[in-house]
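Engineer: The following block contains the structure, expressed as structure tokens.
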Amino acid sequence: TLAEIERLGASRVFVLANNSSRPLVAPLVDALREKGILAAPLSTDVGMGGGEEGLMKSADVAAGAKADCLVTVGGGAVQDAGKLIRLWLAGCQHSAAEDGSSSAPTPPPATPDGIKEVLSLDPLPALPPQVCCPNSFAMAELTSVAGMTLAGGVKSGASHPSLMPTVSIFDPAALASGLPDWVRYGTALRCVEHAVGAATHPRATDEIRDVALEGLRMVKSGLEGMVADPSSVEAALDVYAGGWCAVRALNTNGCYPALGHLVQNMYSAKYDVHQGSCSGFLCARILAHHREASKEQQGRIAAVLAAGNDEAAKNSAARLVTDLVATLPGVARDHEDAGVDVSTLREFADTRPLERFNKLSPQPFENSDDVYKMLTLPLNQI
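Numbered by the numbering used here, the letters in the sequence shown go through residues 5 to 386 in order.
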């Protein structure tokens, strides 16, 4: 990581990490401090889902320190936060140049709208580089999309090619050891969601589907290996490589977001549930909703998930996803396991954007009743 920072010529490095990564990132912070290029103390304010308060606080510190490079160590929320902070830094630098005063102005407090407004600048100023060190399989470091959760429990974010991180450093040993099960297997399930979402997306081409299904094959193999030996570096590599294929497929030809990705992002923001848990009990339900309309592609998904098992091959893709989830330690199996009161799902369904859902779903929703039926379909009936 230090070598990449030096290669980029950074002089004021801002380090953002999730709290559990403090021991992992401490040597890097110490090295940056010794070299005199640490812009500010280590920030661990960004929580699960990229909550607004912690993200804005980190953006303010980075801007106040005039950071010219970000290092992000953590899962998807931290990687996405880094992208948004880079956007804010570019906007602050642009405003300072426009001001033209001899002394640099104090940056205004960061806001979600203020960060997104930077995208309206034409031309968009160059963003400072970002060096990503992921410690989960969320794959945010490999996309140009960044999400955050607003104070009201609503998912927001930004998307632009310039948000693609500069460098991603994947250390399989970090992913193969020390992760709690709900992170290890939950974020790996996001890779499954990315793959099936891309494979069944209305805009997917044959090439996209092939890449997504190859990713699904590797992720499944890696998951089986991790269940057998959670410390297996080879299994972690399989999941990460498969996840890379899946997320690249999802981010091609307008396939992002897939229906499952969008529904689960909204659910996660509303109920403060880890997105991996959402994938554990929503992925199969969403597949079941559009089973007939995406029959051919779901058949291909099922063939991957049931490979080598003639008995399993008799089941639907949705059933096979549910069966896969049942083998994974620490992953929520249903709404109640995630602490969600099922009685609140009616209101959640009634407030979903049907028009947007129907652009992403192979099977349209006629009304919010269809959304509610999908969310509450008993898994044992799939």
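A virtual CB, placed ideally from N, CA and C, is assigned to each residue, including glycine.
My guess is that residue 319 and residue 307 are in contact by the Cβ rule of under 8 Å, so how many angstroms apart are they, rounded?
Structural biologist: About 11 Å; that fails the 8 Å criterion.
Engineer: What is the residue span of the beta strand (DSSP E) that residue 182 lies within?
Structural biologist: Careful: residue 182 lies outside any beta strand (DSSP E) and carries neither H nor E.
Engineer: Please confirm whether residue 135 and residue 72 have their CB atoms less than 9 Å apart.
Structural biologist: Contact flag unset, no.
Engineer: Take the Cβ of residue 204 as the centre, count every other Cβ of all protein chains shown within 10 Å, and call the residue buried at 16 or more, exposed below.
Structural biologist: Buried: at least 16 other Cβ atoms inside 10 Å.
Engineer: Based on Cα-Cα distance, which residue from 13, 40, 225 lies nearest to residue 312?
Structural biologist: It is 225 whose Cα lies nearest to the Cα of residue 312.
Engineer: What does the alpha-carbon distance come out to for the pair residue 59 and residue 65?
Structural biologist: Cα-Cα distance, rounded: 10 Å.
Engineer: Taking three-plus beta-carbon pairs below 8 Å as touching, is the segment 162–179 in contact with the segment 120–134?
Structural biologist: Segments in contact, yes.
Engineer: In the DSSP assignment, find the alpha helix (DSSP H) that holds residue 20 and state where it starts and stops.
Structural biologist: Unbroken run through residue 20 is the beta strand (DSSP E), 17–21; no alpha helix (DSSP H).
Engineer: Can you tell which of 199, 103, 341 has its C-alpha closest to the C-alpha of residue 223?
Structural biologist: Looking at the Cα atoms, 199 is the closest of the given residues.
Engineer: Does the separation of the CB atoms of residue 3 and residue 87 fall below 9 Å?
Structural biologist: Because the chain is modelled from 5 through 386, residue 3 falls outside the range shown and cannot be assessed.
Engineer: Just list the residues that DSSP pairs residue 150 with in beta bridges.
Structural biologist: According to DSSP, which records beta bridges pairwise, residue 150 is partnered with 162.
Engineer: Below 8 Å, can you find three or more Cβ-Cβ pairs linking the segment 91–111 to the segment 207–216?
Structural biologist: Contact fails: fewer than three Cβ-Cβ distances are below 8 Å.
Engineer: How long is the line joining the alpha carbons of residue 325 and residue 69, rounded to whole angstroms?
Structural biologist: Cα to Cα, the separation comes out at about 46 Å.
Engineer: Got a sec? Which residues, its chain only, sit under 6 Å from residue 339 by beta carbon, not counting five neighbours each side?
Structural biologist: If we look at residue 339 and ignore the five residues flanking it on each side, its Cβ neighbours are 346.
Engineer: Restricting to runs no shorter than 3 residues, where is the beta strand (DSSP E) found entirely within the segment 293–339?
Structural biologist: List check, beta strand (DSSP E) in window: nothing returned.
Engineer: Bridge partners for residue 135 per DSSP, in chain order?
Structural biologist: 75, 171, per the DSSP bridge assignment.
Engineer: Assuming residue 152 and residue 38 make a contact with CB atoms under 8 Å, what is their CB distance in whole Å?
Structural biologist: Going by Cβ atoms, the distance from residue 152 to residue 38 rounds to 33 Å, so no, they are not a contact pair.
Engineer: May I ask you to list the residues that DSSP assigns as paired with residue 59?
Structural biologist: Looking at the DSSP assignment, residue 59 forms no beta bridge with any residue, so it has no partner.
Engineer: Quick one: residues in its chain with C-beta nearer than 6 Å to the C-beta of residue 51, no 5 flanking neighbours on either side, listed in chain order?
Structural biologist: Around residue 51: 58.
Engineer: How is the alpha helix (DSSP H) around residue 249 delimited, first residue to last?
Structural biologist: It spans 237–254 - the alpha helix (DSSP H) in which residue 249 sits, taken as one unbroken run.
Engineer: Distance, Cα to Cα, residue 149 vs residue 254?
Structural biologist: Taking the straight line joining both Cα atoms gives about 11 Å.
Engineer: Distance, Cα to Cα, residue 378 vs residue 372?
Structural biologist: Distance between the alpha carbons of residue 378 and residue 372 is about 10 Å.
Engineer: Do residue 46 and residue 29 have their C-beta atoms closer together than 9 Å?
Structural biologist: Their beta carbons are under 9 Å apart, which means residue 46 touches residue 29 by this criterion.
Engineer: Per the DSSP calculation, residue 42 is bridged to which residue(s)?
Structural biologist: 17, per the DSSP bridge assignment.
Engineer: By DSSP's criteria, residue 47 is part of a beta bridge. Which residues make up the other side?
Structural biologist: Paired residue(s): 20.
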